[in-house]
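Here the working numbering is used: the first residue of the sequence shown is 14, the next is one more, and so on. Idealized CB from N, CA, C, for every residue including glycine. Predicted model, so just to flag it, every value in this text is computed and none were measured.
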Amino acid sequence: EQISLDDFRIKILSEMAYQLGFKGVLKFKKMWKAIRDFDYEAASQEMLNSKWHRQTPTRCEYLAKKMREGV
14 EQISLDDFRI KILSEMAYQL GFKGVLKFKK MWKAIRDFDY EAASQEMLNS KWHRQTPTRC
74 EYLAKKMREG V
């Protein structure tokens, strides 16, 4: 299934993949569903509701904010 994303959010996912690996990012199933629904608030919340957030809160919070706000 294809997902249409703006370049800005593609960069956010690329940063996540750099840290977590491609397979790691694929595990964020609820985040991906929210992205497919263009619900970036929910996608942001799913990023924050993760083991990744507990491990690297500063980076995760920064990227989640960017995902939510689109800037």
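Delimiting residues of the alpha helix (DSSP H) encompassing residue i
i, result
"Thr71", "Pro70 to Glu82"
"Ser27", "Asp20 to Leu33"
"Lys43", "Lys42 to Arg49"
"Ser57", "Tyr53 to Leu61"
Nearest candidate by alpha-carbon position, reference residue i, set the options
i, options, result
"Gln32", "Arg81, Glu54, Lys64 and Phe51", "Lys64"
"Glu28", "Cys73, Asp50 and Phe41", "Cys73"
"Lys40", "Glu59, Ile23 and Asp50", "Glu59"
Local Cβ density within 10 Å of residue i, reported as buried at 16 or more and exposed below that
i, result
"Ser48", "It should be noted that the sequence gives Ile, not Ser, for residue 48. Buried, because 16 or more other Cβ atoms sit within 10 Å of the Cβ of Ile48."
"Ser57", "buried"
"Leu1", "The first residue shown for the chain is 14 and the last is 84, placing residue 1 beyond what the model contains."
"Phe21", "exposed"
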